[in-house]
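J.: Letter by letter, the sequence shown follows residues 357 to 740 in the numbering used here. All C-beta atoms, glycine included, are put in the ideal place defined by N, C-alpha and C.
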Amino acid sequence: AVKAILESPAESRLDKVKIESKIKQTTNKNGEKIYTHTSNMLVKINEIENKTPAEMMIIHGYDPIKWEMISVTNKAWNGASKLQGTYTLYSSSIQVKPIQDKLSTDIIKEVFNSLKPPKIKPVKYKHSGDLLLELPIMDLHLGKLAWDKESGSDYDIDIATDLYKRTIIDIVSRLRLKYRIARILFPIGQDFFNADDTEGNTFKGTHQDMDSRWQKIYSRGCNLIIWAIEILRKIAPVDIAYVPGNHDYSTAYYLTQNTNSWYRKCKNVLVDISPTPRKYYRFGKCMIGYSHGEETKKQLDKLMQAEAPEIWGKTLFRELHLGHLHNESVKEIPGLKIRRVSSITAPCAWHTNSGYVKVIRQAQAFIWNKNKGLQNIINSVIIN
Numbered sequence: 357a358v359k360a361i362l363e364s365p366a367e368s369r370l371d372k373v374k375i376e377s378k379i380k381q382t383t384n385k386n387g388e389k390i391y392t393h394t395s396n397m398l399v400k401i402n403e404i405e406n407k408t409p410a411e412m413m414i415i416h417g418y419d420p421i422k423w424e425m426i427s428v429t430n431k432a433w434n435g436a437s438k439l440q441g442t443y444t445l446y447s448s449s450i451q452v453k454p455i456q457d458k459l460s461t462d463i464i465k466e467v468f469n470s471l472k473p474p475k476i477k478p479v480k481y482k483h484s485g486d487l488l489l490e491l492p493i494m495d496l497h498l499g500k501l502a503w504d505k506e507s508g509s510d511y512d513i514d515i516a517t518d519l520y521k522r523t524i525i526d527i528v529s530r531l532r533l534k535y536r537i538a539r540i541l542f543p544i545g546q547d548f549f550n551a552d553d554t555e556g557n558t559f560k561g562t563h564q565d566m567d568s569r570w571q572k573i574y575s576r577g578c579n580l581i582i583w584a585i586e587i588l589r590k591i592a593p594v595d596i597a598y599v600p601g602n603h604d605y606s607t608a609y610y611l612t613q614n615t616n617s618w619y620r621k622c623k624n625v626l627v628d629i630s631p632t633p634r635k636y637y638r639f640g641k642c643m644i645g646y647s648h649g650e651e652t653k654k655q656l657d658k659l660m661q662a663e664a665p666e667i668w669g670k671t672l673f674r675e676l677h678l679g680h681l682h683n684e685s686v687k688e689i690p691g692l693k694i695r696r697v698s699s700i701t702a703p704c705a706w707h708t709n710s711g712y713v714k715v716i717r718q719a720q721a722f723i724w725n726k727n728k729g730l731q732n733i734i735n736s737v738i739i740n
């Protein structure tokens, strides 16, 4: 009916001559009075146009949102004039009745006018001040395409989105049962995207099996990160850091800049947009470092104390968290643990051909006590 009103041609609404209009009262089975209207008119109309009941009611001056068609009778004959030549006239008769107990524009207006504007309350946190949630979801590879018959698991942009959201919800739901978090550390990057250019290549030019167009993948990624931060910041203030990967070195930086712009006026979301490839974070006596881990492998055990000596000197519990290999491992040296963090992504054709298969697909969240170090690891496992 609304479409008919908007699209009805001017001639259908204007070039008409009303002949007769009648109102008849009847009573239904429930004893309710029903009024039906009968309208007769001459209408100039193109003979090839097939009018719907809604369009016929508009021609006769009835709002199809408020009235219901009972019957319609049309008769046609040819007419002629010096100015318009030969044309077709229609004698149109319709019978309509008011629509009872249905949605109308008046009801819609009444409902909206009765609504009160929402009051957005600032987030109030209840926490002990001693616990940090570290949530490094490594190597999502958003945009990757994998086929179950070839690599053992299906994977595309929608599957990756669903797994990412399910993982966040799983960790948060388990977190709230046991812990009162003071702060959240949420790094961005680490091969969040599968490719770094418009042709589906990594930062160094290695072509990837891609599921979708680059614009769609980037937009999905931006929305996904904002979705996650909105959930997390309801728990505690969120600290975000850009950590580049070998697949999305540039794109992840754009993503971090977009996130920084989005939350530029939000006091409980802080974004570290510095372009340095490694990041270091202090929480009490705890030091957490990030590197993707595909380069400088031989120097990883020396870089933390060299690049962040002040944080190193004030902490006792130190870990360097890496991605890249999609599996979990821990190496401990004096004063430092180097931990590879698992991934929820599925293997692609290249991984399968290279034999990098059958690892546990999982995201890992870490609970840190500012005075006692790492207290717990929450594993969110993906089951095919």
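Out of N735, G485, K453, N434, point me to the one whose CA is closest to N727's CA.
T.: That would be G485, whose Cα lies nearest to the Cα of N727.
J.: With respect to the alpha helix (DSSP H) encompassing E666, which residues constitute its N-terminal and C-terminal limits?
T.: Note, E666: alpha helix (DSSP H), 665-669.
J.: For A721, name the three-state secondary structure that DSSP assigns.
T.: strand
J.: Buried or exposed, going by whether 16 or more other CB atoms sit within 10 Å of the CB of P665?
T.: exposed
J.: Assign Q754 to one of three DSSP states: helix, strand, or coil.
T.: Nothing about residue 754 can be read from this structure; the chain reaches only from 357 to 740.
J.: Please go through the region 612-688 and give each complete beta strand (DSSP E) segment of 3 or more residues, from N-terminal end onward.
T.: 625-628, 635-639, 642-647, 673-678
J.: Note down the Cα distance separating N614 from S395, rounded to an integer number of angstroms.
T.: 60 Å
J.: Using 7 Å as the threshold, is the C-beta distance between H682 and D552 below it?
T.: no
J.: Taking 7 Å as the threshold (C-beta atoms), are L678 and M660 in contact?
T.: no
J.: Please state if the CB of Y637 and the CB of L489 are separated by a distance shorter than 7 Å.
T.: No. Outside cutoff.
J.: Let me confirm a value: G556 is counted as buried when at least 16 other C-beta atoms fall within 10 Å, else exposed. Which label applies?
T.: Buried is the label assigned to G556, since at least 16 other Cβ atoms lie within 10 Å of its Cβ.
J.: Classify N550: buried if its beta carbon has 16 or more other beta carbons within 10 angstroms, exposed otherwise.
T.: buried
J.: Residues in its own chain within less than 6 Å of P543 by CB, not counting five upstream and five downstream?
T.: Here the set comprises P492, A597, V599, Y646.
J.: Figure out for me which residue from M413, I689, Q720, Q731 has the closest Cα to the Cα of T701.
T.: Q720
J.: Which word fits Q564, buried or exposed, when buried means at least 16 other C-beta atoms lie within 10 angstroms of its C-beta?
T.: buried
J.: Report the option in S448, I716, K714, A502 whose CA atom is closest to the CA atom of C704.
T.: It is A502 whose Cα lies nearest to the Cα of C704.
J.: Which residue wins for smallest C-alpha separation from I524, given the options I591, D510, T558?
T.: Minimum Cα-Cα distance from I524 among the listed residues I591, D510, T558 corresponds to I591.
J.: Between Y609 and F559, is the Cβ-Cβ spacing less than 7 Å?
T.: no
J.: Excluding sequence positions up to five away, which residues of its chain have a Cβ less than 6 Å from the Cβ of Y511?
T.: K500, A502, A702
J.: Who are the near neighbours of D504 in its chain, counting only those whose CB is closer than 7 Å to its CB and skipping five residues on each side?
T.: For D504, where only same-chain residues beyond five positions count, the Cβ hits under 7 Å are D510.
J.: Could you tell me the alpha carbon to alpha carbon distance between V737 and K572, rounded to whole angstroms?
T.: Just so you know, the alpha carbons of V737 and K572 end up roughly 27 Å apart.
J.: I582: which of I734, A538, T517 sits nearest, CA to CA?
T.: For the residues I734, A538, T517, the minimum Cα distance to I582 belongs to T517.
J.: Give the secondary structure of W753 by DSSP, where H, G and I count as helix, E and B as strand, and everything else as coil.
T.: Here the chain comprises residues numbered 357 to 740, so residue 753 is not present and cannot be evaluated.
J.: State yes or no: is the C-beta of G601 within less than 7 Å of the C-beta of L498?
T.: no
J.: Compare the beta carbon distance of E411 and K453 with 7 Å and say whether it is the shorter of the two.
T.: no
J.: Which same chain residues, not among the five before or five after G649, have their C-beta less than 8 Å away from its C-beta?
T.: These residues qualify, in order along the chain: L656, L678, G679, H680, L681, R696.
J.: Answer yes or no: do I513 and D595 have a C-beta to C-beta separation smaller than 7 Å?
T.: no
J.: What residue does the alpha helix (DSSP H) around N732 start on, and which one ends it?
T.: Taken as a continuous stretch (DSSP letters only), N732 belongs to no alpha helix (DSSP H), being part of the beta strand (DSSP E) at 729-737.
J.: Output the boundary residues of the alpha helix (DSSP H) element that contains E555.
T.: Looking at the DSSP string, E555 is not in any alpha helix (DSSP H), and its letter there is neither H nor E.
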